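Trainee: Heads up: the sequence shown runs through residues 2 to 522, numbered per my numbering. Ideal Cβ placement from N, Cα and C applies to all residues, glycine included. The model shown is predicted, which means the values in this text are computed figures rather than measured ones. Following this message is one structure expressed as structure tokens.
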Amino acid sequence: MYHTPPIRKPLAASLEAMTGMLLFWSGLSRKLHDFIQPMLKASDYFDAQEAKKFWENTPAENLEDYMNLYSWNISLFLKALDSSQEETLKYVAKNAEDLTKAIFDDSVTVDDVIAKKTAALKQVVLDMPKAVKDIRKEYGFHFDTPGYEKVAETSRMLLYQVLPNRPGVTTNAGLKPVIIAHPYVLGANIMAFLPNEGRSFVHAFANKEIPTYVRIIKDIDTTDAVQIMTGEDDVLDTRYFSQIVRDRHHKPVTLVGVCQGGFMLMAGILTGRLEGLVDALITCASPLDGSLSKGLKTMLDQVNDRFRELDYSVKTLPNGNRVVDGAVMSWVYKLKSLEREAPVYAYISDLERAERSKGAISKTAAAINYWLLYDRTDLPVEITALSRLSYTVPIAENGDLPIELFGKKLNVKYLDEHNVKFLICYGTGDELVEPASALAPAKHVHAEKTPFPKGHAAIFTSWSSLDSEYALDKVYKDGSRGPVRFQLDLSNELPKAGKVTDDRGVGSPGLRLSAARSPQE
Numbered sequence: 002m003y004h005t006p007p008i009r010k011p012l013a014a015s016l017e018a019m020t021g022m023l024l025f026w027s028g029l030s031r032k033l034h035d036f037i038q039p040m041l042k043a044s045d046y047f048d049a050q051e052a053k054k055f056w057e058n059t060p061a062e063n064l065e066d067y068m069n070l071y072s073w074n075i076s077l078f079l080k081a082l083d084s085s086q087e088e089t090l091k092y093v094a095k096n097a098e099d100l101t102k103a104i105f106d107d108s109v110t111v112d113d114v115i116a117k118k119t120a121a122l123k124q125v126v127l128d129m130p131k132a133v134k135d136i137r138k139e140y141g142f143h144f145d146t147p148g149y150e151k152v153a154e155t156s157r158m159l160l161y162q163v164l165p166n167r168p169g170v171t172t173n174a175g176l177k178p179v180i181i182a183h184p185y186v187l188g189a190n191i192m193a194f195l196p197n198e199g200r201s202f203v204h205a206f207a208n209k210e211i212p213t214y215v216r217i218i219k220d221i222d223t224t225d226a227v228q229i230m231t232g233e234d235d236v237l238d239t240r241y242f243s244q245i246v247r248d249r250h251h252k253p254v255t256l257v258g259v260c261q262g263g264f265m266l267m268a269g270i271l272t273g274r275l276e277g278l279v280d281a282l283i284t285c286a287s288p289l290d291g292s293l294s295k296g297l298k299t300m301l302d303q304v305n306d307r308f309r310e311l312d313y314s315v316k317t318l319p320n321g322n323r324v325v326d327g328a329v330m331s332w333v334y335k336l337k338s339l340e341r342e343a344p345v346y347a348y349i350s351d352l353e354r355a356e357r358s359k360g361a362i363s364k365t366a367a368a369i370n371y372w373l374l375y376d377r378t379d380l381p382v383e384i385t386a387l388s389r390l391s392y393t394v395p396i397a398e399n400g401d402l403p404i405e406l407f408g409k410k411l412n413v414k415y416l417d418e419h420n421v422k423f424l425i426c427y428g429t430g431d432e433l434v435e436p437a438s439a440l441a442p443a444k445h446v447h448a449e450k451t452p453f454p455k456g457h458a459a460i461f462t463s464w465s466s467l468d469s470e471y472a473l474d475k476v477y478k479d480g481s482r483g484p485v486r487f488q489l490d491l492s493n494e495l496p497k498a499g500k501v502t503d504d505r506g507v508g509s510p511g512l513r514l515s516a517a518r519s520p521q522e
């Protein structure tokens, strides 16, 4: 039976509702702004490019291309509109249900419902941005702390040793070493997600006593050599670092590549320039044949070749060098999944998660948001061109990659021919690097395959903890091995050597560092 709504504090509830409305529109405006900014950048690059291209084509060609582009934009808009409308209606219906319950059920009051909704809004609009900024001191690499040792440097990259951060653990210099390469677009920090929380991909290796090294690409904004970097430069720097690490530990190196870093490491091995230095490769969530990422390829195939050229995402720096805008590239990936990345849909999803969390912002949520918001970097044009080819042309039936380095074709069968041990780790729910893209070389060579639940970043976030269900040092129910277990088993196959450490746990002080020559020499 209807009764007077039990609003114990009418004025307070009204003020709370007004606050909630203001917060709602403020948060939505920010979400729209964050989505539109890269779109405006892309529009500027488009206008600059079309100012030249327009006159190179006939009026009929221009009309056809623009009509195609218009149709594509309309289809994206309708996709975003449909998903946003559906999510909004569900959100409104849920709020109406909660208010109705408050009116007809004495167990909850209207002001309680309003307070709950407003708390979720405050968490998303006010608390989350602060938590994201605050997490930086715990998230990612902090190379100015005692947990890292700078080992080598080129004009483009730095090499650090990652030291164990678990009490009582020291590096065993007698184990087989690894060099880890980070993604290009979304930077290095995802690989050291939350080290103090025991959730770090690189520390998962180091905390098992493995000599662990990470190569870090220098800041592209301030480093000319990175801005003009080529695929050959990537290989030469990897060779230089591999020589140093091999000579430090007197054992061949295992290369571990994350996302695009895995593709570049595999290509580097196939050039033959790493022979005698590297005998194993681990790729994690790496697009080894981007053409098999059906979601992105399907989207791009709907656009004329004219508009798929890199020049439509390139900006010119004050020094005259041209780089690919990382914000625009990340935005393009969002367009692939626009039904979930549309601002309204994403915003309402954030609010629903906030209500379920009951006011608590986890460090994981803050760190992931920091990664997505602040770790995007611009890209060298030449490196991006190699990836573009991979996303356009598949690996050939004979095993040839679609790219060339040092003027020669690269064939994945080189891995078998030179007995390079190969482990492919991939996410079963990865929509950015779909499983088929990650697993493509296994059609041509012997490769061990390890599936991980969840999506693109799960290996580095959910499963990087040695205490997790899919900890990287485990053998799983299907018999597959995590990358740390794979590396430890490779060490066990080597001739036994005693554990060699110094008081820092970084290996014998007398290990030789002089054998390798810098790529600049």
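1. Using three-state DSSP, classify L406 as helix, strand or coil.
2. Pick out whichever of P344, T20, V413 and A366 has its Cα sitting closest to the Cα of Q86.
3. What does DSSP give as the partner residues of D401 in its beta bridges?
4. What is the DSSP secondary structure of L424, reduced to helix, strand or coil?
5. Are the beta-carbon atoms of T462 and S481 separated by less than 9 Å?
6. Under the DSSP definition of a beta bridge, which residues are partnered with E449?
7. Hey, would you say S391 sits closer than 9 Å to D235, going by beta carbons?
8. Where DSSP assigns a beta bridge to T213, which residues make up the other side?
9. Is the separation between the beta-carbon of I404 and that of G232 shorter than 9 Å?
10. Which of the three DSSP states, helix, strand or coil, is assigned to G263?
11. In three-state DSSP terms, what is T89?
12. What first and last residue would you give for the alpha helix (DSSP H) that runs through D351?
13. Taking the alpha helix (DSSP H) that A367 falls in, what are its first and last residues?
14. Can you check whether the CB of V485 is closer than 9 Å to the CB of P442?
15. Using the three-state DSSP reduction, which class does E150 fall into: helix, strand or coil?
16. Measuring CA to CA, which of Y241, V382 and A189 is closest to Y375?
17. Can you tell me whether H457 is buried or exposed, with buried defined as 16 or more other CB within 10 angstroms of its CB?
18. Would you call the stretch 277-297 in contact with the stretch 305-314, where contact means no fewer than 3 C-beta pairs closer than 8 Å?
19. Looking at the structure shown, is V227 part of a helix, part of a strand, or coil, going by DSSP?
20. Going by DSSP, name the residue or residues bridged to G258.
21. Taking the DSSP output, what are the residues bridged to V279?
22. Which residue's Cα is closest to the Cα of G148: M158, R389 and Q162?
23. In angstroms with no decimal places, state the Cα-to-Cα distance between Q124 and V227.
24. Among S314, L467 and A174, which one has its Cα closest to the Cα of V254?
25. Measuring alpha carbon to alpha carbon, tell me which of L176, M192, I191 and D468 ends up nearest L489.
26. Could you spell out where the alpha helix (DSSP H) holding K478 opens and where it closes?
27. Tell me the residue span of the beta strand (DSSP E) that contains K316.
28. Where S243 and I180 are concerned, what is the direct C-alpha to C-alpha distance, given to the nearest angstrom?
29. Ends of the beta strand (DSSP E) at V324?
30. Going by Cα to Cα distance, which pick from M230, I283 and T224 is closest to F206?
31. Out of curiosity, what's the CA-to-CA distance linking S44 and Y185?
32. Whose C-alpha, out of L82, K91 and Y46, is nearest the C-alpha of V324?
33. As a quick exercise: from V215, D35, F105 and G141, pick the residue whose alpha carbon is nearest that of A153.
34. Can you list, in chain order, the residues of its chain whose CB lies under 6 Å from that of S30, leaving out five sequence neighbours each side?
35. Which word fits K118, buried or exposed, when buried means at least 16 other C-beta atoms lie within 10 angstroms of its C-beta?
36. Quick check on R157: does DSSP put it in helix, strand or coil?
Mentor: On the basis of the supplied data:
1. What you label residue 406 is simply residue 405 of the sequence shown in a count that begins at 1. Of the three classes helix, strand and coil, the one that applies to L406 here is strand, per DSSP.
2. On the sequence shown, position 85 is the one that residue 86 refers to. Taking only the C-alpha atoms, the option nearest Q86 is P344.
3. Against the sequence shown, residue 401 aligns to sequence position 400. Note: D401 sits in a beta bridge opposite N412.
4. The residue you call residue 424 lines up with position 423 of the sequence shown. If DSSP states are grouped into helix, strand and coil, L424 belongs with the strands.
5. Locating residue 462 in the sequence shown gives position 461, counting from the first residue. Locating residue 481 in the sequence shown gives position 480, counting from the first residue. No.
6. Taking the sequence shown and counting its residues from 1, one reaches residue 449 at position 448. Looking at the DSSP assignment, E449 forms a beta bridge with L424.
7. Locating residue 391 in the sequence shown gives position 390, counting from the first residue. Locating residue 235 in the sequence shown gives position 234, counting from the first residue. Not a contact, by the Cβ cut-off of 9 Å.
8. Numbered from its first residue, the sequence shown carries residue 213 at position 212. Bridge partners of T213: V163 and V179.
9. Stepping through the sequence shown from its first residue, residue 404 is reached at position 403. Stepping through the sequence shown from its first residue, residue 232 is reached at position 231. Yes, the pair counts as a contact, with Cβ atoms nearer than the cut-off.
10. Indexing the sequence shown from 1 puts residue 263 at position 262. Helix, per DSSP.
11. Start at 1 with the first residue of the sequence shown, and residue 89 comes out as number 88. If DSSP states are grouped into helix, strand and coil, T89 belongs with the helices.
12. Here residue 351 is taken as the residue at index 350 of the sequence shown, counted from 1. That run of the alpha helix (DSSP H) goes P344 to S358.
13. Numbered from 1 along the sequence shown, position 366 holds the residue referred to as residue 367. Element bounds for A367: K364 to Y375.
14. As a working mapping, residue 442 is identified with position 441 in the sequence shown. As a working mapping, residue 485 is identified with position 484 in the sequence shown. Going by C-beta atoms, P442 is not nearer than 9 Å to V485.
15. The count along the sequence shown starts at 1 and reaches residue 150 at position 149. Reduced to three states, the DSSP call for E150 is strand.
16. Reading the sequence shown from its first residue, position 374 is the one you call residue 375. It is A189.
17. Here residue 457 corresponds to residue number 456 of the sequence shown, with the count starting at 1. Buried: at least 16 other Cβ atoms inside 10 Å.
18. no
19. Position 226 of the sequence shown, counted from the first residue, corresponds to residue 227. It is helical.
20. As a working note, residue 258 is residue 257 in the sequence shown. Answer by DSSP bridge pairing, in chain order: A182 and T284.
21. Here residue 279 refers to the residue found at position 278 of the sequence shown. According to DSSP, V279 bridges with V254.
22. Reading the sequence shown from its first residue, position 147 is the one you call residue 148. Ranking M158, R389 and Q162 by Cα distance to G148 puts Q162 first.
23. Residue mapping note: residue 124 aligns to position 123 of the sequence shown, counting from 1. Residue mapping note: residue 227 aligns to position 226 of the sequence shown, counting from 1. About 39 Å.
24. Your numbering for residue 254 matches position 253 in the sequence shown. Among S314, L467 and A174, the Cα nearest to that of V254 belongs to A174.
25. Sequence index remark: in the sequence shown, residue 489 carries index 488 (1-based). Here the closest residue by C-alpha is L176.
26. Here residue 478 refers to the residue found at position 477 when the sequence shown is read from its first residue. Premise fails: K478 is in no alpha helix (DSSP H) and is neither H nor E.
27. By 1-based counting over the sequence shown, the position of residue 316 is 315. Note, K316: beta strand (DSSP E), V315 to T317.
28. The residue given as residue 243 occupies position 242 in the sequence shown. The residue given as residue 180 occupies position 179 in the sequence shown. If I take the Cα positions, the gap works out to 8 Å.
29. Position 323 of the sequence shown, counting from 1, holds the residue named residue 324. Residues R323 to V325.
30. Residue numbering aside, residue 206 sits at position 205 when the sequence shown is read from its first letter. Looking at the Cα atoms, I283 is the closest of the given residues.
31. Along the sequence shown, read from residue 1 onward, the residue named residue 44 stands at position 43. Along the sequence shown, read from residue 1 onward, the residue named residue 185 stands at position 184. Cα to Cα, S44 sits roughly 23 Å from Y185.
32. The residue you call residue 324 lines up with position 323 of the sequence shown. Measuring from the Cα of V324, the nearest candidate turns out to be Y46.
33. Mapped onto the sequence shown, residue 153 falls at position 152. Of the listed residues, the one whose Cα sits closest to A153 is V215.
34. For the purposes of this step, residue 30 is taken as residue 29 along the sequence shown, with counting starting at 1. None.
35. On the sequence shown, position 117 is the one that residue 118 refers to. The residue in question, K118, is buried, as its Cβ has 16 or more Cβ neighbours within 10 Å.
36. In the sequence shown, residue 157 corresponds to position 156, counting from 1. Correct three-state label for R157: coil.
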